[in-house]
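Engineer: Just passing along the structure, written as structure tokens.
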Amino acid sequence: EVRRAELEEAEAPPEGDAEADADAEEANNEEEEVAPSDPYLLADAAYIQKDTRWRNKQRTLVFCSRGVNYRFRHLAEDIKKLLPHHKTEPKFEKSSKLHEINEVCELKSCNNVVFFESRKGEDLYMWVARVPYGPTLKFQVHNIHTTGEVRLAGNCLLGSRPVLYFDKAFSDISYLKLMKGLLTQAFSTPRNHPKSKPFHDHMMCFYYLDKKIWVRHYQIAPETPSNENDPERQVLTEIGPRFVLDPIRILAGSFSGQTLYANAFYMSPTALRVQAKKLLKSPYKRRLEVKEERRQREKAAEFPEDPLDEAFI
Amino acid sequence: EGEAEEELMAMKGGRPVRHQPAISNEAALQLKLQQLTNGADPEDDDKAWLDCLVVTAPEPLGVEDAEDDLKRELAFYNQALSAVKVAQGRMDRLGIPYRRPDDYFAEMTKSDKHMERVKRKIIGEQESIKAADERRKQRTAKKFGKAVQVAKMQERAQQKKRSIAEVTNARKKGIKLDNKFDGFDIGIDEPASKRHASGSAVVSKRERADQRFGKKQRKDKRNSAESSGDMSYFNGRRGGKGGGKGKGAGGRGGEGRGRAGGRGRPGKEARRKARA
Chain P
1 EVRRAELEEA EAPPEGDAEA DADAEEANNE EEEVAPSDPY LLADAAYIQK DTRWRNKQRT
61 LVFCSRGVNY RFRHLAEDIK KLLPHHKTEP KFEKSSKLHE INEVCELKSC NNVVFFESRK
121 GEDLYMWVAR VPYGPTLKFQ VHNIHTTGEV RLAGNCLLGS RPVLYFDKAF SDISYLKLMK
181 GLLTQAFSTP RNHPKSKPFH DHMMCFYYLD KKIWVRHYQI APETPSNEND PERQVLTEIG
241 PRFVLDPIRI LAGSFSGQTL YANAFYMSPT ALRVQAKKLL KSPYKRRLEV KEERRQREKA
301 AEFPEDPLDE AFI
Chain D
1 EGEAEEELMA MKGGRPVRHQ PAISNEAALQ LKLQQLTNGA DPEDDDKAWL DCLVVTAPEP
61 LGVEDAEDDL KRELAFYNQA LSAVKVAQGR MDRLGIPYRR PDDYFAEMTK SDKHMERVKR
121 KIIGEQESIK AADERRKQRT AKKFGKAVQV AKMQERAQQK KRSIAEVTNA RKKGIKLDNK
181 FDGFDIGIDE PASKRHASGS AVVSKRERAD QRFGKKQRKD KRNSAESSGD MSYFNGRRGG
241 KGGGKGKGAG GRGGEGRGRA GGRGRPGKEA RRKARA
């Protein structure tokens with residue numbers, strides 16, 4: 001309180017009188033000699049104080065392969081912004097084998113990796129792995145909307161820890177449980193990380209729908225400034241990025257090892273293209289098929305003969 | 001696994017397509033999960049929860065069609081909102097601050113410049129909606145106003161016609177319509193003259209000018225005997241039109257000045273002297 005009183009005196013506006021000015025100057029000079037040690041009252045500010053040290057040392061290596069286009073590159077940049085515990089690497093050569101990523105991670109002392117691999121400049125695959133012994137997840141990324149899109153209007157503190165949210169399916173299905181564990185470790189910012197900020201004003205949501213994982217990133221804001229402390233009156237605005245992950249495989253080791261899970265419903269882009277070409281390739285065959293289908297349909301739509309039809313002629 | 005294959009075939013329209021066979025090693029998946037998380041569920045223990053901040057949904061999503069964007073995003077939003085309540089409740093219990101105070105300024109994920117663009121876009125959208133509404137309203141109001149105006153004009157024309165008809169009727173039949181034209185002192189039986197009577201005070205500007213300066217007798221354009229025999233044009237000029245081209249420029253100018261304006265109207269000096 002004494003300190004506060006001193007502050008108020010120092011901040012009081014100088015009076016118009018010349019004599020008073022001189023007096024004020026003298027008072028200020030006295031103030032400077034006996035400067036308060038805590039002018040911003042940091043000792044009272046509870047929110048800046050760190051209670052424990054950074055113990056959960058997760059470091060995630062985020063990088064891309066060569067041949068990524070602008071959208072994939074921006075997605076990688078957005079992921080890096082979301083993860084204050086990330087480290088980055090220059091683009092990975094396609095000629096290098098995937099297991100060399102383990103060595104890169106060791107050099108950077110990272111224990112998680114998020115690797116974006118692009119094929120043909122149009123398909124993006126995301127590998128999430130736990131580096132020394134852990135599993136590897138391979139996804140194909142669809143429907144990428146980056147943070148730079150003006151339609152996604154939210155904003156959050158850079159480096160604040162997100163709340164992670166998983167759908168119910170992530171606690172029921174076996175391979176999804178493993179995915180949840182690994183995604184949590186890779187994406188959640190460890191507590192008391194030096195680059196992390198104190199508040200929790202955003203959340204990353206993972207939903208399981210149509211056999212794919214849908215990822216959304218929302219900002220948590222109160223409806224009106226008076227509702228700040230009311231958990232019932234919060235509004236979510238979407239920040240970027242938003243994308244869909246199609247699970248392909250889970251490998252036992254890090255970029256190596258036995259396949260623990262392979263998705264039967266996954267259609268690779270090559271398979272899709274092959275199918276499309278087959279449909280368009282021979283129109284004569286297609287026409288025959290269509291004719292056959294029509295015949296079948298007409299047969300199925302026939303009514304049985306009604307004896308009453310002949311009752312009245 | 002057989003069911004998966006059948007479902008796949010059905011999905012692709014019954015045509016065989018190259019795909020990877022399904023593998024699902026349940027035991028190995030369990031083991032791997034155990035190794036990864038050391039068997040600890042992060043949501044049970046408060047300390048462990050603070051390290052990862054994970055919330056899992058109690059209920060499934062309940063969206064049938066993944067292609068229906070609105071319903072799907074709405075379901076996502078609602079689920080996330082309920083998760084917010086859970087998370088913030090837990091943080092309140094543990095005494096963790098989650099809301100950012102107003103005086104805490106730090107770097108945000110998106111720059112101020114980007115947020116300006118977002119704001120401009122939102123404002124632009126709202127304004128375009130408003131402008132479209134305004135335009136629609138103006139259009140309908142104009143149509144309505146036009147209809148009203150047309151009706152009024154028609155009404156007035158009808159009224160005029162009716163009143164004129166009444167007056168002519170009355171005149172024919174000799175009925176006096178004093179009760180109708182109370183405010184007016186018009187004697188209906190006396191015809192209103194179109195021309196001014198001589199000596200009337202009100203004279204038009206045209207008539208006054210004619211009286212003062214004389215009615216301008218413009219040359220008749222018709223090629224009749226009178227117009228071709230009209231020599232007034234000749235008398236005022238000396239040497240005719242084409243005569244004094246080379247020599248008589250000064251003389252013609254002087255002569256012209258001598259007989260200028262009207263029919264021998266004396267000049268300014270002469271008029272002044274005459275007045276004085």
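Residue numbers (UniProt numbering), protein chains in the order written: chain P, 1 to 313; chain D, 1 to 276. Cβ coordinates follow ideal geometry from the N, Cα and C atoms, glycine included. This structure is a prediction, so every number in the text was calculated from the model and none was measured.
Just verifying my parser: in three-state terms, what is the DSSP assignment at Ile129 (chain D)?
Structural biologist: helix
Engineer: Are the Cβ atoms of Ser160 (chain P) and His202 (chain P) separated by less than 8 angstroms?
Structural biologist: yes
Engineer: Tell me which residues of the stretch 117-146 of chain P have at least one Cβ-Cβ distance to chain B shorter than 9 angstroms, keeping chain order.
Structural biologist: This model lacks chain B altogether; the protein chains it does include are P and D.
Engineer: Go ahead and label Glu238 (chain P) buried or exposed: buried means 16 or more other beta carbons lie within 10 angstroms of its beta carbon, across all protein chains shown.
Structural biologist: buried
Engineer: So is Glu77 (chain P) in contact with chain D if we call contact Cβ pairs under 8 angstroms?
Structural biologist: Chain D contact via Cβ: absent.
Engineer: For the alpha helix (DSSP H) holding Trp49 (chain D), just list the boundary residues, first then last.
Structural biologist: Asp46 to Cys52
Engineer: Can you pull the chain P residues whose beta carbon is under 9 angstroms from the beta carbon of Leu36 (chain D), in chain order?
Structural biologist: Arg130, Gly134, Pro135, Leu178, Gly181, Leu182 and Gln185
Engineer: Can you name the start and end residues of the beta strand (DSSP E) that Gly95 (chain D) belongs to?
Structural biologist: Taken as a continuous stretch (DSSP letters only), Gly95 (chain D) belongs to no beta strand (DSSP E), as it is neither H nor E.
Engineer: Would the stretch 121-136 of chain P and the stretch 172-189 of chain P be scored as touching if the rule is three or more Cβ pairs under 8 angstroms?
Structural biologist: yes
Engineer: Between the C-alpha atoms of Leu209 (chain P) and Gly95 (chain D), what's the straight-line distance to the nearest angstrom?
Structural biologist: Distance between the alpha carbons of Leu209 (chain P) and Gly95 (chain D): 35 angstroms.
Engineer: Give every residue of the same chain whose Cβ lies closer than 6 angstroms to the Cβ of Pro269 (chain P), excluding the five residues on either side of it in the sequence, and list them in chain order.
Structural biologist: Asp123
Engineer: Can you name, in chain order, every residue of its own chain whose Cβ lies under 8 angstroms from the Cβ of Leu75 (chain P), other than the five neighbours on each side?
Structural biologist: Phe116, Leu124, Val141, Ile144, Thr146, Pro241 and Phe243
Engineer: Give the straight-line distance between the Cα atoms of Asp133 (chain D) and Arg66 (chain P), rounded to the nearest whole angstrom.
Structural biologist: 50 angstroms
Engineer: My output table needs one value for Lys87 (chain P): the three-state DSSP class, helix, strand or coil.
Structural biologist: strand
Engineer: At a Cβ threshold of 8 angstroms, is Gln20 (chain D) touching chain P?
Structural biologist: At least one beta carbon of chain P lies nearer than 8 angstroms to the beta carbon of Gln20 (chain D).
Engineer: Can you find the residues in the same chain that come closer than 8 angstroms, C-beta to C-beta, to Ala274 (chain D), ignoring five residues on each side of it along the sequence?
Structural biologist: Within the same chain, Cβ atoms closer than 8 angstroms to the Cβ of Ala274 (chain D) are found at Pro266, the five residues on either side in sequence being excluded.
Engineer: What ranges does the beta strand (DSSP E) occupy inside the stretch 277-301 of chain P, keeping only unbroken runs of at least 3 residues that lie completely in it?
Structural biologist: none
Engineer: Measuring only between beta-carbons, confirm whether Ser128 (chain D) sits less than 8 angstroms from chain P.
Structural biologist: Using a Cβ-Cβ cut-off of 8 angstroms, Ser128 (chain D) does not count as an interface residue toward chain P, since no Cβ of chain P sits closer than that to its own.
Engineer: Locate the alpha helix (DSSP H) running through Asp210 (chain D), then write down its first and last residues.
Structural biologist: Lys205 to Phe213
Engineer: Of all the CB atoms in chain D, is at least one closer than 8 angstroms to the CB of Pro14 (chain P)?
Structural biologist: Model confidence at Pro14 (chain P) stands at a pLDDT of 44, short of 50, so the residue's coordinates are unreliable; what they give is reported in the following sentence. Interface criterion not met: the Cβ of Pro14 (chain P) is under 8 angstroms from no Cβ in chain D.
Engineer: Looking only at DSSP bridge pairs, what is Lys197 (chain P) linked to?
Structural biologist: P:Ser160
Engineer: Could you give the residue range of the beta strand (DSSP E) that holds Gly240 (chain P)?
Structural biologist: Secondary structure note for Gly240 (chain P): its beta strand (DSSP E) is the uninterrupted segment Gln234 to Leu251.
Engineer: Check the C-beta distance from Gly148 (chain P) over to Tyr218 (chain P) and give it rounded, since I have them as a contact under 8 angstroms.
Structural biologist: Going by Cβ atoms, the distance from Gly148 (chain P) to Tyr218 (chain P) rounds to 17 angstroms, so no, they are not a contact pair.
Engineer: Residue ranges of each alpha helix (DSSP H) run of no fewer than 4 residues wholly in the stretch 51-135 of chain P, ordered along the chain?
Structural biologist: 70-82 and 100-108
Engineer: With 8 angstroms as the threshold, decide whether the Cβ of Ala262 (chain P) is near any Cβ in chain D.
Structural biologist: Under the 8 angstroms criterion on CB atoms, Ala262 (chain P) is classed as interfacial with respect to chain D.
Engineer: Should Gln88 (chain D) go down as buried or exposed, given a rule of 16 or more other Cβ atoms within 10 Å for buried?
Structural biologist: buried
Engineer: Go ahead and label Asn69 (chain P) buried or exposed: buried means 16 or more other beta carbons lie within 10 angstroms of its beta carbon, across all protein chains shown.
Structural biologist: exposed
Engineer: Contact between the stretch 246-259 of chain P and the stretch 96-103 of chain P: three or more CB pairs below 8 angstroms?
Structural biologist: yes
Engineer: By the 8 angstroms beta-carbon criterion, what residues does the stretch 285-308 of chain P contribute toward chain D?
Structural biologist: With the criterion set as a beta carbon lying under 8 angstroms from some beta carbon of chain D, the stretch 285-308 of chain P has no members that meet it.
Engineer: In whole angstroms, give me the CA-to-CA distance for residue 319 (chain P) and Phe312 (chain P).
Structural biologist: Within the shown structure, residues of chain P are numbered from 1 to 313, placing residue 319 (chain P) beyond reach of any answer.
Engineer: Quick one: Cα of Asp51 (chain D) to Cα of Arg151 (chain P), how far?
Structural biologist: 32 angstroms
Engineer: For the beta strand (DSSP E) holding Lys212 (chain P), just list the boundary residues, first then last.
Structural biologist: Lys212 to Pro222
Engineer: Is the distance from the Cβ of Lys168 (chain P) to the Cβ of Pro60 (chain D) below 8 angstroms?
Structural biologist: yes
Engineer: Taking Lys219 (chain D) and Asp230 (chain D) to be in contact with their CB atoms under 8 angstroms, please state how far apart those CB atoms are, rounded to whole angstroms.
Structural biologist: 7 angstroms
Engineer: For Leu158 (chain P), which option in P:Asp230, P:Trp54 and P:Leu83 has the closest C-alpha, if you only look at C-alpha atoms?
Structural biologist: Looking at the Cα atoms, P:Leu83 is the closest of the given residues.
Engineer: Determine the contact status of Ala57 (chain D) and Phe166 (chain P), defining contact as a CB-CB distance below 8 angstroms.
Structural biologist: Contact: yes.
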